[in-house]
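If you read the protein sequences in the order shown, they are chains X and G.
Quick note, the first sequence lines up with residues 10 to 247 if you use this note's numbering.
Quick note, the second sequence lines up with residues 5 to 311 if you use this note's numbering.
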Amino acid sequence: MTLAAKLLRTWVLAQAGGEAHWLTQSLDRVASASQERDLYIFMGLAPRRLGKSDLALGADDLAAADAACPGWSPKGWSIDGAARVLALLTAPPTRAFADRFKDLRRTADVAEMIALYRGLPLYPEPDRLHFEVGEGLRSNIKAVFESIAHHNPFPRDHFDDHRWNQMILKALFVESRLASVVGLEARSNPDLARMLVDYAEERIAADRPVPEDLWIPLRPFHNTPGVAAILQREEAAP
Amino acid sequence: MMLIDPHAHMISRTTDDYQAMADAGVVALIEPAFWVGQPRTFVGTYVDYLSTIVGWERFRAGQFGIRHYCTVGLNSKEANNEELAEGVMDWLPRFALKEGVVAIGEIGYDEQTPLEDKYFRSQLELAEELNLPVMIHTPHRDKKRGTSRSMDVCEEHGIDPGMVIVDHNNEETVAETLQRGFWAGFSIYPSTKMGNARMVEILRQYGGERIIVDSACDWGISDCLGVAKTAQLALERGIPKETVQKVCYQNALDAYGQSGQMKEEDWLEPPAIDQRTLFEGNSILRGGREPHIEEPGDRRQRNLLIE
Ligand SMILES: [Zn+2]
């Protein structure tokens with residue numbers, strides 16, 4: 010069991026109350042099952058048995074999470090979501106992880122899909138998950154998009170520039186905060202800077218506000234001509 | 005008055021309809037899995053449809069402050085495509101426990117063929133295994149016999165009638181449905197099913213016990229305000245408020261609430277996590293405005309500016 014999985018198990022168990030016994034029994038069954046039916050049933054029952062409240066985590070828990078997986082922050086995770094990711098990490102590798110993930114994602118309800126994507130930094134074979142991640146980024150459900158884009162180090166660690174840039178632009182279009190993207194400044198690049206300048210100019214021309222956090226990924230490029238020009242104009246604006 | 009529309013195929017409806025329903029006081033609705041008009045010929049299409057009603061449609065409704073629930077099942081028409089039906093039956097157990105799934109349905113008979121009978125029965129068994137209510141679609145043709153037969157089969161399988169909603173009742177079927185202890189659904193659907201003036205007379209005669217009003221609105225000529233307009237007409241024609249409240253709200257909640265997936269708190273005090281992800285909250289209720297019904301034409305023409 011990975012360190013991250015151990016943490017999840019500790020947190021979920023601590024909050025499971027009267028369902029702790031059900032939880033350990035079900036996870037044992039998932040771990041030893043030769044067929045996936047037990048995993049599917051667990052995914053369905055998790056919120057029914059455990060509820061949907063937030064995980065109660067202290068500063069030391071968050072530090073432990075970051076130590077186990079750099080950049081991972083389970084802040085804002087729900088108990089059922091954490092249990093679902095834990096079950097997925099517990100199931101035996103009877104087939105490729107990416108195939109199993111795909112199967113679960115295809116039939117997921119909204120809360121389940123959010124949980125599956127929040128777990129991205131904890132999964133094996135991350136580079137086989139790109140198609141599935143793309144599907145999540147294309148979702149029109151903002152919370153699903155944000156389960157990848159926000160508080161999740163997976164994009165920073167595994168996206169190429171093209172996908173990264175598209176994610177940032179989509180965040181702007183769906184009015185999602187940029188400041189919550191892990192690696193926002195570090196992963197910025199000249200192409201993105203150009204697109205952000207274009208976007209900001211379009212907003213200004215249409216008399217629409219430019220989101221404050223758009224300037225964060227532009228910081229590293231404040232000396233390039235296009236960026237410098239728009240920054241100057243913005244500063245001069247009333 | 006808060007309203008529930010426990011049978012509405014929102015996948016076939018527009019955002020305008022969601023807005024109108026919310027304005028008229030609908031706080032929650034149930035979207036039964038059904039025949040979308042065009043037969044599905046691949047299992048995968050059906051799987052994606054079920055994913056849509058447990059996922060996207062739920063989210064879409066939430067943006068209008070309406071709580072969305074659904075039922076999953078293989079409808080009677082498509083039960084006649086055996087290859088498809090077998091495939092769907094393999095997938096159903098995985099959908100039946102999704103969030104907001106309040107019943108297995110709508111299932112039952114269309115042409116009353118042997119294949120329809122086979123899959124109706126196997127789905128009743130699934131409902132029983134997972135302890136879920138059942139929503140029954142009764143046939144348009146040979147209705148009276150088809151309705152009796154649906155109830156016979158439920159009894160044969162030892163299903164508690166209190167867990168079964170028999171939908172699309174009319175004057176001819178209601179007495180038997182109620183007398184046998186099932187919930188009696190009525191779809192206020194122009195031309196083919198029930199009109200709301202007829203519905204009011206049924207309420208006058210039978211009262212409100214175990215009767216449920218829905219719109220069954222779908223891709224056909226139907227009215228997403230079926231429940232709201234019936235409630236209003238019933239009140240105007242002297243049906244007691246308590247009866248109207250039962251048939252347009254409480255009974256649906258009691259019947260489908262047996263799934264454990266539908267609670268009044270869902271729309272009155274939605275949990276924080278849902279408010280962040282799924283449900284924007286009902287501005288009508290929060291603002292304390294009186295629900296009102298307006299014609300679609302009014303809504304479409306009201307705003308000239310498109311921003
Ligand atoms: Zn229907």
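The C-beta atom is built at its ideal place from N, Cα and C for all residues, glycine as well.
GLY91(G): member of the alpha helix (DSSP H) spanning 86-100, first to last residue.
Short note on GLU103(G): C-beta not closer than 7 Å to any heavy atom of ligand 1.
Secondary structure of PRO36(G) (DSSP, three-state): strand. Closer than 8 Å to the CB of GLU132(G) there is not a single CB belonging to chain X. ALA124(X) has a beta carbon lying at 8 Å or more from every beta carbon in chain G.
Taking 9 Å as the Cβ-Cβ cut-off, the stretch 28-58 of chain X approaches chain G at ARG46, TYR49, ILE50, MET52, GLY53, LEU54, PRO56, ARG57, given in chain order. For TRP187(G), none of the residues of chain X pass the 7 Å Cβ criterion, the least Cβ distance being about 23 Å. In chain order, the residues positioned with their C-beta nearer than 7 Å to some heavy atom of ligand 1 are HIS11(G), HIS13(G), PRO36(G), PHE38(G), GLU110(G), HIS141(G), ALA220(G), ASP222(G).
Under DSSP, MET139(G) shares a beta bridge with ILE169(G).
Using a 10 angstroms sphere on the CB of GLY90(X), the tally of other CB atoms reaches 16 or more, which defines it as buried. For LEU101(G), a Cβ of chain X is located within less than 8 Å of the residue's own Cβ.
Inter-residue distance for GLY80(X) and ILE70(G) is about 36 Å (C-alpha atoms, whole angstroms). By the rule that beta-carbons nearer than 8 Å mark a contact, THR75(G) does not touch chain X. In the DSSP annotation of this structure, the continuous segment of the beta strand (DSSP E) that includes GLU110(G) starts and ends at 105-112. Cα atoms of VAL190(X) and HIS231(X): separation of roughly 20 Å, rounded to the nearest angstrom. DSSP, reduced to helix, strand and coil, places ALA188(G) within a strand of the structure shown. Taking a Cβ-Cβ cut-off of 8 Å, the neighbours of ARG62(G) in chain X comprise ASP118, VAL119, given in sequence order.
Distances from the CA of ASN85(G) to each of LYS122(G), HIS161(G), TYR253(G) were compared; the closest alpha carbon is that of LYS122(G). Closest option to GLU184(X), judged by alpha-carbon separation, among LEU98(X), LEU223(X), ASP216(X), ASN198(X): LEU223(X).
Just measuring C-alpha positions, the residue of SER191(G), GLY109(G), GLY150(G), ILE15(G) sitting nearest GLU132(G) is GLY109(G). Contact of GLY69(G) with chain X by beta-carbon distance below 8 Å is absent, the smallest such distance being about 16 Å. Per DSSP, the continuous alpha helix (DSSP H) segment holding CYS158(G) begins and ends at 147-160. Separation of the CB atoms of PHE63(G) and TYR22(G) is rounded to 12 Å, and the pair is thereby denied contact status at 8 Å. The alpha carbon of ARG115(X) has as its nearest neighbour, out of HIS296(G), PHE99(G), SER195(G), ASN174(G), the alpha carbon of PHE99(G).
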